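Please read the structure below before turning to the comments.
Chains as they are written, first to last, in the numbering used here: chain A, 1 to 208; chain B, 1 to 124.
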């Protein structure tokens, strides 16, 4: 849509209605949201692959032989706690309190690391028992799906560490606030994907 | 409360809502409940019927995803002029097509194309 702004004694100015003065990074949030949606499609493919192949055990171990729901519950708790502590970090960021923001980010990172450690322990335990990704189509798709999520969490933690250094050096400047908001979306998005993982992979796996 | 939080510094991104302490706590309590019930159901085998259990825990997952979207990601129809909601709806449609399509096609492929015992016997 184009509109005309005519002010007395001046040249008529034509501009698109959406095209006002853009603040730097004004479209970052939408752009990042679109990235998350494309990431969501990657996970949809992996979920579809797991849905199709998840029952092909090739006479190997089935979910019942491998999964420890207690461990998964602890893992889920870690990720959920990290979500709420990141929320607290955002709230303290809104108030402009650098120290508190850094502290909540550190707590979030510890929960993220706990999640990763438990997941790696689980993977190591499974591989130790001979349930490697090569064993069956079920295990290939399981390691691909859960591993991709774990990789996302890993990069989220690296990103968080980077931003903590940034905030320590430059404070809560506008650019850092924007970056922290992007990471917030990324982190909560990973928690949403994990809801799908524990429901479809672990809980429904135990029902098979 | 949030109005005061936003007032004390210069916002250039149009006052994007970051949520409130209350919102985060409500979201957290809801997700704890929505996570605990499916785990409890599967771990104790409350429902004997596996199919019913699967449907119930899937319903819980969908509700929990919505809770996370609303309370943690602060999704609302107005954010970014409606474009994020539009992108979300588009993605959800694609995800539904990919998931249901793959499962449906591959299920029938397995059911119809696998040589069963009957056909195997008739092979030369």
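Positions of the beta carbon are idealized from the N, C-alpha and C atoms, including for glycine. None of these values were measured; they are calculated from a predicted model.
Residues in the same chain with beta-carbon distance under 8 Å from residue i, minus the five sequence neighbours each way, listed in chain order, please.
i                      : result
residue 67 of chain B  : 27, 30, 31, 34
residue 203 of chain A : 69
residue 140 of chain A : 53, 133, 134
Cutting at 7 Å between CB atoms, please list the residues of its own chain near residue i, excluding the five before and the five after it.
i                      : result
residue 107 of chain A : 85
residue 23 of chain B  : 71
residue 71 of chain A  : 118, 122
residue 88 of chain A  : 104
residue 53 of chain B  : 41, 42, 47
residue 198 of chain A : 72, 76
residue 167 of chain A : 98, 101, 102, 176
residue 46 of chain A  : 144, 145, 148
residue 56 of chain A  : 136, 137, 138
Helix, strand or coil: which one does DSSP assign to residue i?
i                      : result
residue 1 of chain B   : Unreliable placement is indicated for residue 1 of chain B, whose pLDDT of 39 sits below 50; the coordinate value is still reported in the next sentence. Coil, per DSSP.
residue 86 of chain A  : helix
residue 172 of chain A : coil
residue 90 of chain B  : helix
residue 141 of chain A : helix
residue 48 of chain A  : helix
residue 31 of chain A  : helix
residue 9 of chain B   : Any answer about residue 9 of chain B is weak, because its pLDDT of 40 lies below 50 and its placement is not dependable; what the coordinates show is given next. Three-state DSSP puts residue 9 of chain B in coil, outside helix and strand.
residue 80 of chain B  : helix
residue 128 of chain A : helix
residue 14 of chain B  : Interpretation of residue 14 of chain B is limited by its pLDDT of 37, a score under 50 that renders its predicted location unreliable; no figure is taken from the coordinates.
residue 200 of chain A : helix
Return the Cβ separation of residue i and residue j in integer angstroms, given the expectation that the two are a contact with Cβ distance under 8 Å.
i                      : j                      : result
residue 48 of chain A  : residue 98 of chain B  : 5 Å
residue 188 of chain A : residue 83 of chain A  : 6 Å
residue 64 of chain B  : residue 173 of chain A : Not really, about 35 Å apart at Cβ, beyond 8 Å.
residue 19 of chain B  : residue 108 of chain B : Not really, about 45 Å apart at Cβ, beyond 8 Å.
Please name the residue or residues paired with residue i in a DSSP beta bridge.
i                     : result
residue 72 of chain A : In the DSSP output, where bridge partners are listed per residue, residue 72 of chain A has none listed.
Apart from the five residues on each side of it in sequence, which residues of its chain come closer than 6 Å, Cβ to Cβ, to residue i?
i                      : result
residue 126 of chain A : 66
residue 100 of chain B : none
residue 57 of chain B  : 38
Can you pull the chain D residues whose beta carbon is under 8 Å from the beta carbon of residue i, in chain order?
i                     : result
residue 98 of chain B : Here chain D cannot be found, since the structure's protein chains are A and B.
- prompt: If contact means a Cβ-Cβ distance below 9 Å, which residues of the region 58-91 of chain A contact chain B?
  reply: 69, 70, 72, 73, 76, 77, 80, 81, 83, 84, 86, 87, 88, 90, 91
task: Identify each residue in the region 31-53 of chain A for which the Cβ-Cβ distance to at least one residue of chain B is less than 7 Å, and report them in chain order.
output: 33, 34, 37, 40, 41, 44, 45, 47, 48, 51, 52
query: What residues in the region 144-157 of chain A bring their beta carbon closer than 9 Å to a beta carbon of chain B?
result: none
field: Short-range partners of chain A found in the region 101-114 of chain B, where Cβ spacing is below 7 Å
entry: 102, 103, 106
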